[in-house]
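**Student:** Residue numbers (my numbering), protein chains in the order written: chain A, 13 to 235; chain B, 2 to 216; chain C, 278 to 484.
Following this message is one structure expressed as structure tokens.
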Amino acid sequence: MTKYSAWAREAWAVFQKDLLSELRTKYALNAIVMFAIVTLSAVSFAVGQFAVGNDVRAAFLWIVLFFSAMSGLGRVFVKEEDASTVQVLRLAARSSAVYTGKLLFNMVLLFALAAVVVPLFVVLMALDVLDLVFFVGTLGLGIAGLAGAATIIAAIIAKASAKGELFAVLSFPILLPLLITAIGGTRKALDGVAAAGEFQVLLSYLVVMVTVSLMLFDFVWND
Amino acid sequence: MKFSGVLKLLLLFWLGGVILAAFFYAPADRALGEAGRVIIFHIPVAWVTVLAFLVSCVYGVQFLRRRDLGDDLRAAAAAELGLLFAMLATVTGSIFARITWGSFWNWDPRETSIFILLLIYAAYFALRSAVEDEERRGRLSAVYAIVAFVTVPFLVFVVPRVYFSLHPDIITPTGKLEMGARTLQVFLASLGGFTGLFAWMYQLAVRIGERRQQA
Amino acid sequence: MPMIALEFHDLAKRYSRRQVFSALSGSVAEGRSLAITGPNGSGKSTLVRVLCGLARPTSGTVTVRLDGMELLPADCRAEIGLVAPDMALYHELTALENLSFFAKVRGLAIGTAELRALLGRVGLGDRGDDLVGLYSSGMRQRLKYAQALLHRPRLLFLDEPTAYLDEAGSAMVSEVIAEQRRHGILVLATNEPGEVVFGDEVLRLGA
Chain A
13 MTKYSAWARE AWAVFQKDLL SELRTKYALN AIVMFAIVTL SAVSFAVGQF
63 AVGNDVRAAF LWIVLFFSAM SGLGRVFVKE EDASTVQVLR LAARSSAVYT
113 GKLLFNMVLL FALAAVVVPL FVVLMALDVL DLVFFVGTLG LGIAGLAGAA
163 TIIAAIIAKA SAKGELFAVL SFPILLPLLI TAIGGTRKAL DGVAAAGEFQ
213 VLLSYLVVMV TVSLMLFDFV WND
Chain B
2 MKFSGVLKLL LLFWLGGVIL AAFFYAPADR ALGEAGRVII FHIPVAWVTV
52 LAFLVSCVYG VQFLRRRDLG DDLRAAAAAE LGLLFAMLAT VTGSIFARIT
102 WGSFWNWDPR ETSIFILLLI YAAYFALRSA VEDEERRGRL SAVYAIVAFV
152 TVPFLVFVVP RVYFSLHPDI ITPTGKLEMG ARTLQVFLAS LGGFTGLFAW
202 MYQLAVRIGE RRQQA
Chain C
278 MPMIALEFHD LAKRYSRRQV FSALSGSVAE GRSLAITGPN GSGKSTLVRV
328 LCGLARPTSG TVTVRLDGME LLPADCRAEI GLVAPDMALY HELTALENLS
378 FFAKVRGLAI GTAELRALLG RVGLGDRGDD LVGLYSSGMR QRLKYAQALL
428 HRPRLLFLDE PTAYLDEAGS AMVSEVIAEQ RRHGILVLAT NEPGEVVFGD
478 EVLRLGA
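Structural data, given as structure tokens:
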């Protein structure tokens, strides 16, 4: 047990460090909030007075979340490369702790954004959420899965050149199954239909993605 | 693993025979008409693209374990062919969609799946071109291929089950294969033929790559 | 204290087309030091990286013998400290926050007082609460030493030990080197003849 609690404490230390850094520099936060506000406004403006179904609105919500994630979650490893802090980090921390700490950071970042964007979206689009439990649940699992996939891809692109464009290119294909399911689940929640199937899929995606990432991260992080 | 002259000739005649048989031996489908013949080509090609992905992942895993650049070469060669066959599958499927349902693309779950596979292959090569160091390139592409691979089951099995699909299901809910006897024969022959085609092209690509490495 | 030794055999490293070094062998026992020297571009920094586990050799082996076990350097992070020119610490955090993070992530329970004492040892005693981004290059170099010595590593790697340092800084480095040569293993990479002298053995690259 102590072996795991040590690892957890180390991962927490990485998370705290990233959080402290982010609160001081606000690089990712600025990018992500700006992007979310712009996309949200554009979507709301485009829909305007038109009556759109829940399927379209669910899709819009996840489009805003997805592109915000793409604008803000990619830097979590790139910033270490740019600042040349990779060497000290590799020597000081075990790779699984680094991955977990940064995964947690990306999740918190995206959840924090969602806490702002989703209520705004509900208000702007005059959403009538018929099944709140599934609505929140689908959002929660979907966002966690988004962050999960984004983190391992962020680790990969940090070791390549042309990092910015590459992040979205690599993330999109592997996130599409998650997005399709999340959109479907959100739509059902809006309609008041139970989204149990989508729930299971989102949960399995999250578990699979995090597990595989944990196993493979070492190959990306260490030369 | 060189294809001898005899083997190449055999492959040529086999596939030629399959093509002829698809039009003259197998009957037109009851429901889909002449267009139904496409399953003899479309499904084997889609199968090969998944097979190529599998081969690429297996060699990716091998590379991560052994760090032998030969493994990376094989992974990339399989992926190149996978991309080619994915494009073929998309095009054949799209033509069939046009004839049968009137539009080239519908975002039907299986269409979406093949499109995603296409994107994965494209992303794989975009990643490879962005990494200069060979060892690093091999590692990163292997990791990406494996991560992408684990998301594929979500498409293939989960999404079509959850959503209604336009795709004709040749496997009925009871699990039996619903295909006429003759069509089945040609279909299976095509499956074998295209797999053989993949094997031949693959070993060619690997041998070319090895020569280049030695240069 | 368990015995520690560093051995490397037939090491070679190449990046795509360039062979950086090849056929390097040697060993450093406890209480001994190795100085790596050679012209610019001869691979000194690369060799240090391979020896401390940050890079994999193309061929050959590096082994750390610790307490009867044979380990890869990458598996002995707790015993390895590194100061190198191309490494940096977190500019948006203070020196104290940096050290506190490294202590926590290494699983060490080191209090603030002890961290301040460490900063004092490297000559940054009264600058612990300043952001590293505001440090001069000499101060950053000193902080790298603090980071490297935090966990009292048995294996200390110093690549260009006195870069950016003034006289007082160089004196601090000499003290650190002397201390390390007493209790552990020291590997340094340098062009300064005055520093090559610190090596019990000298490995010349690029000949």
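Backbone N, C-alpha and C define an ideal beta-carbon position, used for all residues, glycine too.
1) Rounded to whole angstroms, how far is the Cβ of C:F475 from the Cβ of C:L465, which I believe are closer than 8 angstroms?
2) Does B:T173 come out as helix, strand or coil in the three-state DSSP assignment?
3) Hey, how far is the Cα of B:A53 from the Cα of B:E112?
4) To the nearest angstrom, how far is it from the Cα of A:V98 to the Cα of B:I20?
5) Measuring CB to CB, does A:L85 end up less than 9 angstroms from A:A159?
6) Once you ignore the five residues that flank C:F379 on each side, which residues in its own chain have a CB closer than 7 angstroms to its CB?
7) For chain A, find out if any of its Cβ atoms is closer than 9 angstroms to the Cβ of B:F86; answer yes or no.
8) Skipping 5 residues on each side, what residues in its chain have a beta carbon closer than 6 angstroms to that of A:M82?
9) Alpha carbon to alpha carbon, how far is A:V220 from A:T150? Give it in angstroms, no decimals.
10) Contact criterion: CB-CB distance below 9 angstroms. Does C:H368 meet it with respect to chain A?
11) Does any C-beta atom of chain C lie closer than 9 angstroms to the C-beta of B:E135?
12) Just how far apart, CA to CA, sit B:T152 and C:G446?
13) Of all the residues that make up the segment 54 to 70 of chain B, which are near chain A by a beta-carbon distance shorter than 9 angstroms?
14) Runs of 4 residues minimum, wholly inside the segment 366 to 443 of chain C: which ones carry the alpha helix (DSSP H) assignment?
15) Show which residues of chain A have a CB atom less than 9 angstroms away from the CB atom of B:L74.
16) Examine chain A for any beta-carbon lying closer than 9 angstroms to the beta-carbon of B:F24, and answer yes or no.
17) Please name the residues in the segment 377 to 392 of chain C whose beta-carbon is closer than 8 angstroms to at least one beta-carbon of chain A, in chain order.
18) How would you write the range of the alpha helix (DSSP H) that A:E93 sits in, first residue to last?
19) Out of A:M119, A:G113, A:V90, A:F117, state which residue places its alpha-carbon closest to the alpha-carbon of C:V382.
20) List the whole-angstrom C-beta distance separating C:V327 from C:K290, where the pair is believed to meet the contact cut-off of C-beta under 8 angstroms.
21) Determine which residues of the segment 282 to 298 of chain C have a Cβ less than 9 angstroms from any Cβ of chain D, and write them out in chain order.
22) Going by DSSP in three states, C:G358 sits in which element: helix, strand or coil?
23) Could you please tell me which residues of the segment 217 to 235 of chain A, in chain order, have their CB closer than 8 angstroms to any CB of chain B?
24) Whether or not the segment 392 to 407 of chain C and the segment 327 to 338 of chain C are in contact is what I'm after, with contact meaning three or more pairs of Cβ atoms, one per stretch, closer than 8 angstroms; do they touch?
25) Report, in whole angstroms, the separation of the C-beta atoms of B:A131 and A:A172, which I expect to be a contact under 8 angstroms.
26) Opposite C:Q296 in the DSSP bridges: which residues?
27) Would you tell me roughly how many angstroms separate the C-alpha atoms of C:T371 and A:G152, rounded to the nearest one?
28) Residues in its own chain within less than 6 angstroms of C:K421 by CB, not counting five upstream and five downstream?
29) Does any residue of chain A bring its CB to less than 9 angstroms from the CB of B:I115?
30) Starting from A:V129, find everything on chain B with Cβ-Cβ shorter than 9 angstroms and list it in chain order.
31) Of all Cβ atoms in chain A, is any one closer than 9 angstroms to the Cβ of C:M416?
32) Going by DSSP in three states, B:V33 sits in which element: helix, strand or coil?
33) Sort out for me which residues DSSP pairs C:A306 with in a bridge.
34) Less than 9 angstroms between CB atoms is the rule here; does A:L188 satisfy it with respect to chain C?
35) Given a cut-off of 9 angstroms, decide if C:A306 and C:A282 are closer than it, judged by their beta-carbon atoms.
36) Give the interface partners of C:L426 over in chain A, defined as CB-CB distance under 8 angstroms, in chain order.
**Tutor:** Per the coordinate set shown:
1) For the purposes of this step, residue 475 of chain C is identified with residue 198 of the third sequence, where counting begins at 1. For the purposes of this step, residue 465 of chain C is identified with residue 188 of the third sequence, where counting begins at 1. Their Cβ separation, rounded to whole angstroms, is 6 angstroms, which keeps C:F475 and C:L465 in contact under 8 angstroms.
2) One-based indexing of the second sequence puts residue 173 of chain B at position 172. For B:T173, the pLDDT reaches just 42, beneath the cut-off of 50, and the residue's location in the model is therefore unreliable, although a value from the coordinates is still provided. Coil at B:T173, not helix or strand.
3) Numbered from its first residue, the second sequence carries residue 53 of chain B at position 52. Numbered from its first residue, the second sequence carries residue 112 of chain B at position 111. Computed Cα separation, rounded: 18 angstroms.
4) The residue you call residue 98 of chain A lines up with position 86 of the first sequence. The residue you call residue 20 of chain B lines up with position 19 of the second sequence. The alpha-carbon atoms of A:V98 and B:I20 are separated by roughly 57 angstroms.
5) The residue you call residue 85 of chain A lines up with position 73 of the first sequence. The residue you call residue 159 of chain A lines up with position 147 of the first sequence. Contact flag set, yes.
6) Taking the first residue of the third sequence as position 1, residue 379 of chain C is located at position 102. Correct list, in chain order: Q424, L427.
7) Numbered from 1 along the second sequence, position 85 holds the residue referred to as residue 86 of chain B. No, its Cβ sits nowhere closer than 9 angstroms to a Cβ of chain A.
8) As a first step, residue 82 of chain A must be located in the first sequence, where it is residue number 70. A180.
9) As a working note, residue 150 of chain A is residue 138 in the first sequence. As a working note, residue 220 of chain A is residue 208 in the first sequence. Using only the alpha carbons, I get a separation of about 17 angstroms.
10) Residue numbering aside, residue 368 of chain C sits at position 91 when the third sequence is read from its first letter. So yes, C:H368 belongs to the interface.
11) Numbered from its first residue, the second sequence carries residue 135 of chain B at position 134. With respect to chain C, the C-beta atom of B:E135 has a partner C-beta closer than 9 angstroms.
12) By 1-based counting over the second sequence, the position of residue 152 of chain B is 151. By 1-based counting over the third sequence, the position of residue 446 of chain C is 169. Their Cα atoms are separated by approximately 54 angstroms.
13) L65
14) 372 to 382, 389 to 398, 414 to 426
15) Indexing the second sequence from 1 puts residue 74 of chain B at position 73. Near B:L74 there are no residues of chain A at all, since even the closest Cβ is about 18 angstroms away, more than 9 angstroms.
16) Against the second sequence, residue 24 of chain B aligns to sequence position 23. No, its Cβ sits nowhere closer than 9 angstroms to a Cβ of chain A.
17) F378, F379, K381, V382, R383, G384
18) To locate residue 93 of chain A, count along the first sequence from 1; it is residue 81. A:E93 -> alpha helix (DSSP H) spans 87 to 94.
19) Residue numbering aside, residue 382 of chain C sits at position 105 when the third sequence is read from its first letter. With distances taken between Cα atoms, C:V382 lies closest to A:G113.
20) By 1-based counting over the third sequence, the position of residue 327 of chain C is 50. By 1-based counting over the third sequence, the position of residue 290 of chain C is 13. That pair is a contact at about 6 angstroms.
21) You won't find chain D in this structure, because its protein chains are A, B and C.
22) For this step, residue 358 of chain C is matched to residue 81 along the third sequence. For C:G358, the three-state secondary structure derived from DSSP is strand.
23) Y217, V220, M221, V224, S225, L228, F231, V232, D235
24) no
25) In the second sequence, the residue the question calls residue 131 of chain B occupies position 130. In the first sequence, the residue the question calls residue 172 of chain A occupies position 160. Rounded, the Cβ-Cβ distance is 4 angstroms, consistent with contact.
26) For the purposes of this step, residue 296 of chain C is identified with residue 19 of the third sequence, where counting begins at 1. Note: C:Q296 sits in a beta bridge opposite C:R291.
27) Counting from 1 along the third sequence, the entry for residue 371 of chain C is found at position 94. Counting from 1 along the first sequence, the entry for residue 152 of chain A is found at position 140. So the alpha carbons of these two residues sit roughly 35 angstroms apart.
28) Residue mapping note: residue 421 of chain C aligns to position 144 of the third sequence, counting from 1. Contacts found: V360.
29) Here residue 115 of chain B is taken as the residue at index 114 of the second sequence, counted from 1. Judged by the 9 angstroms Cβ criterion, B:I115 is not in contact with chain A.
30) As a working mapping, residue 129 of chain A is identified with position 117 in the first sequence. By Cβ distance, chain B contributes nothing, its closest Cβ being about 25 angstroms from A:V129, past 9 angstroms.
31) The residue you call residue 416 of chain C lines up with position 139 of the third sequence. Not closer than 9 angstroms to any Cβ of chain A, the Cβ of C:M416 fails to qualify, so no.
32) In the second sequence, the residue the question calls residue 33 of chain B occupies position 32. What sits at residue 33 of chain B in the sequence shown is Leu, not Val. In this structure, B:L33 counts as coil in the three-state DSSP scheme.
33) The residue given as residue 306 of chain C occupies position 29 in the third sequence. DSSP lists C:A282 as partners of C:A306.
34) Walking along the first sequence from the start, residue 188 of chain A turns up at place 176. No, A:L188 does not count as interfacial toward chain C.
35) Here residue 282 of chain C refers to the residue found at position 5 of the third sequence. Here residue 306 of chain C refers to the residue found at position 29 of the third sequence. Cβ distance < 9 angstroms, so C:A282 and C:A306 count as in contact.
36) Taking the first residue of the third sequence as position 1, residue 426 of chain C is located at position 149. None at all; the shortest Cβ gap to chain A is about 13 angstroms.
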